[in-house]
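Read the structure below first, then the notes.
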Amino acid sequence: WFRELPRGVLDSLPSQQVLQCESEEDFVKVVRLLPQTEASLLNWVINLMADTVEFEDVNKMSSRNLALVFAPNMSQMADPLKALMYAVQVMKLLKNLTDKTLRERKVSSSKVNPCDNRSGEAEDGDVDGYNQEVRH
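Mapping the sequence shown onto the UniProt record's numbering, position 108 (from 1) lands on 108, and the numbers just tick up by one.
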């Protein structure tokens, strides 16, 4: 489905900036540059990947395996060599964001108080992270 889009989800990002990312923080910063539509699509796929990884013991799909499958579909490049190098970095981006989402879910679920109407909110009401930023 992603290959059929007129443009790749990550095509609006400066490829050089993506290639220079080395940490989770770097990936989060570069993803903030996405236009709203692409950011929403990326958020959706990251959450889909996280949902799938939660059942890794059954489906054998780790965040790395899923990133390997999805990465080539996130951008469209004419030069096959550049596309391959870029896909490797996009794989790291997807894996990092999926792992970050899984960690945030774990923290969020550990703060759930069944007697509190605000279940799932951080204690200070400010949840930092990629997923929450995309929603705004």
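By construction, the Cβ of each residue, glycine as well, lies at the ideal position given by its N, Cα and C atoms.
| Check | Outcome |
| --- | --- |
| As assigned by DSSP and simplified to three states, the class of L81 | helix |
| Length-filtered (4 minimum) alpha helix (DSSP H) runs lying within the UniProt domain "Rho-GAP" (1 to 102) | 15 to 20, 24 to 31, 36 to 53, 56 to 59 and 63 to 70 |
| Burial state of L33 (16 or more Cβ within 10 Å) | exposed |
| V18 versus G8 - alpha carbon distance | 14 Å |
| Nearest-angstrom Cα separation, counted from M61 out to A122 | In this prediction, A122 has a pLDDT of 46, which is less than 50 and means its spatial position is unreliable; what the coordinates show is noted afterwards. Roughly 29 Å separates the two Cα atoms. |
| V69 versus E22, L13 and V88, residue with shortest Cα-Cα distance | V88 |
| K106 in three-state terms, based on DSSP | helix |
| Span separating the alpha-carbon of E22 from that of K111 | 30 Å |
| C-alpha distance - T52 paired with A78, whole-angstrom precision | 31 Å |
| Alpha-carbon to alpha-carbon, N96 and V31 | 12 Å |
| Backbone CA spacing between D99 and A39 [nearest angstrom] | 17 Å |
| Spatial neighbours of M49 in its chain, beta-carbon cut-off 6 Å, leaving aside the 5 residues before and after | L66 and T98 |
| Local Cβ density within 10 Å of S109, reported as buried at 16 or more and exposed below that | exposed |
| Distance, L94 Cα to E4 Cα | 19 Å |
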